[in-house]
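Have a look at the structure below before the remarks.
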Amino acid sequence: MHQEAPAALSSAPLLFQLIQTSSGTEASTSRPARPKPGLRPGPNIKDTGSRMRGTLGLSLSLLVCLTLGLLCVGLACVWSSRFRGGFGWDGSGLEFNWHPVLMTTGLVVVYGYASVLYRVPMTWGQSKLLWKLLHAVLMLVALLLSVVGLCAVFDFHNKNHIPNIYSLHSWVGLCAVLLFAVQWGAGFSLFLLPWSPLSWRKAFKPVHVWLGGSILGLSIAACISGINEKLFFVLKGGNHSQPYSDLPSEAMLANSLGIVIVAFGLVVLYVLTNKRWQRPEAQPQDGAYAPLNQEETDS
1 MHQEAPAALS SAPLLFQLIQ TSSGTEASTS RPARPKPGLR PGPNIKDTGS
51 RMRGTLGLSL SLLVCLTLGL LCVGLACVWS SRFRGGFGWD GSGLEFNWHP
101 VLMTTGLVVV YGYASVLYRV PMTWGQSKLL WKLLHAVLML VALLLSVVGL
151 CAVFDFHNKN HIPNIYSLHS WVGLCAVLLF AVQWGAGFSL FLLPWSPLSW
201 RKAFKPVHVW LGGSILGLSI AACISGINEK LFFVLKGGNH SQPYSDLPSE
251 AMLANSLGIV IVAFGLVVLY VLTNKRWQRP EAQPQDGAYA PLNQEETDS
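Position 19 (the sequence shown) corresponds to 19 in the UniProt record's numbering; numbering is contiguous.
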């Protein structure tokens, strides 16, 4: 009996080590492994799917926007050339025909394209300065087209002794162009000139975005009221023309133009107000671009 005691005592340390090893193994298996410094966890399948769906939705919306814009310009050109006799610059009705084409092209279509330029995914990983310049150039083209369109209608009115700036259509349209000019000048001064204070840029940016959408809304309202006003003037039932109430082919085309303009504006505003589709900013820790068109993970 005295010889068995040391054997039992010698087996105690071995048993203690086994217990420690098993408890350590259980603790290590119960704790999630921490990623090594400098390594990031792999992408979540759900987040990746949401991001892909968001990018696909943005691409489809931009394609619809592009198509509707081209359709607006095409319908305006067909209306003026086929039903109104074409174009000229002689003070006659042919000069007036430039007005709906230029205002639709500049104040709505080119303006809308310039507004959604920052939403194009191919621009996200590139220098923002280049796209700022292109945005400003497109907006300037839109403004110049609008000014020429106003010159056409003013010259036509003056040579035919027609009063200017008396209708609601003319008031809304003129307000849109004037606000557009102020918006472009302020945007150029604050966002493109290098000496503008950063605090001013941050303060004016929300106003710039809000005013941009408001100008587009005013432009659409001016176009819709202008189309309706023109149809009431020319489709009276005299001079071998059918009355507007009979809905002749010219009225069908012009009404369709108005519907397409509204649809174009709604798509542009939808793209602009969707926060998931905003241009991402560079992350300060690594300078990489993180897309913002992904849904937040469930908490």
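Using N, Cα and C, we set each Cβ at its ideal position, and we do this for glycine too.
Keep in mind the model is a prediction, meaning the values are calculated, not measured.
Bridge partners - residue i, DSSP secondary structure assignment
{"i": "Pro243", "result": "Lys236"}
Residue span of the alpha helix (DSSP H) that contains residue i, given as start and end
{"i": "Phe156", "result": "Lys128 to Lys159"}
{"i": "Gly265", "result": "Ser249 to Thr273"}
{"i": "Gln183", "result": "Leu168 to Phe191"}
{"i": "Gly93", "result": "Gly93 to Phe96"}
{"i": "Gly125", "result": "Neither: Gly125 is in no alpha helix (DSSP H) and is coded neither H nor E."}
{"i": "Gly112", "result": "Tyr111 to Ser115"}
Cβ-Cβ separation, residue j to residue i (assumed contact under 8 Å), whole Å
{"i": "Ser214", "j": "Leu168", "result": "17 Å between Cβ atoms; not a contact."}
{"i": "Cys65", "j": "Val268", "result": "6 Å"}
{"i": "Leu192", "j": "Lys132", "result": "6 Å"}
{"i": "Leu179", "j": "Leu211", "result": "7 Å"}
{"i": "Trp98", "j": "Ala152", "result": "4 Å"}
{"i": "Ser219", "j": "Ala176", "result": "5 Å"}
{"i": "Ala222", "j": "Gly173", "result": "4 Å"}
Identity of the residue in the options nearest residue i by Cα
{"i": "Phe188", "options": "Gly237, Pro206 and Val137", "result": "Val137"}
{"i": "Met252", "options": "Tyr118, Val101, Val78 and Gly112", "result": "Val78"}
{"i": "Val59", "options": "Leu190, Val120 and Asn160", "result": "The residue you asked about is not Val; residue 59 is Ser in the sequence shown. That would be Val120, whose Cα lies nearest to the Cα of Ser59."}
{"i": "Ile227", "options": "Thr55, Cys72 and Leu178", "result": "Cys72"}
{"i": "Val109", "options": "Ser127, Leu129, Arg82 and Leu75", "result": "Leu75"}
{"i": "Glu250", "options": "Lys230, Trp89, Pro206 and Tyr113", "result": "Lys230"}
{"i": "Arg82", "options": "Ala254, Pro280 and Asn274", "result": "Ala254"}
{"i": "Val234", "options": "Phe96, Tyr111, Gly69 and Thr55", "result": "Phe96"}
{"i": "Gln278", "options": "Asp90, Val209, Tyr118 and His208", "result": "Tyr118"}
{"i": "Leu70", "options": "Val260, Thr123, Asn274 and Leu266", "result": "Val260"}
{"i": "Pro280", "options": "Trp89, Gly106, Ser127 and Arg84", "result": "Ser127"}
{"i": "Leu144", "options": "Ala181, Gly91, Asn239 and Thr55", "result": "Ala181"}
{"i": "Val207", "options": "Ala221, Gly238, Leu190 and Leu68", "result": "Leu190"}
{"i": "Gln183", "options": "Leu174, Val209 and Leu198", "result": "Val209"}
Cα-Cα separation, residue i to residue j
{"i": "Leu62", "j": "Val271", "result": "8 Å"}
{"i": "Leu257", "j": "His161", "result": "29 Å"}
{"i": "Asn158", "j": "Gly185", "result": "29 Å"}
{"i": "Leu129", "j": "Leu140", "result": "16 Å"}
{"i": "Arg276", "j": "Phe204", "result": "22 Å"}
{"i": "Gly149", "j": "Leu102", "result": "5 Å"}
{"i": "residue 306", "j": "Thr104", "result": "In the structure as shown, the chain starts at 1 and stops at 299, and residue 306 therefore has no counterpart that could be examined."}
{"i": "Tyr113", "j": "Asp246", "result": "36 Å"}
{"i": "Asp155", "j": "Leu94", "result": "12 Å"}
{"i": "Tyr244", "j": "Arg84", "result": "15 Å"}
{"i": "Ser92", "j": "Ser80", "result": "13 Å"}
{"i": "Trp171", "j": "Leu107", "result": "15 Å"}
{"i": "Pro248", "j": "Lys236", "result": "11 Å"}
{"i": "His135", "j": "Asn239", "result": "46 Å"}
{"i": "Thr21", "j": "Thr55", "result": "For Thr21, the pLDDT reaches just 49, beneath the cut-off of 50, and the residue's location in the model is therefore unreliable, although a value from the coordinates is still provided. Each residue's Cα considered, the two are about 51 Å apart."}
{"i": "Trp89", "j": "Phe232", "result": "24 Å"}
Any non-hydrogen atom of the ligand ZN closer than 6 Å to residue i Cβ
{"i": "Ile224", "result": "Absence of the ligand ZN is noted for the structure shown, with no ligands found whatsoever."}
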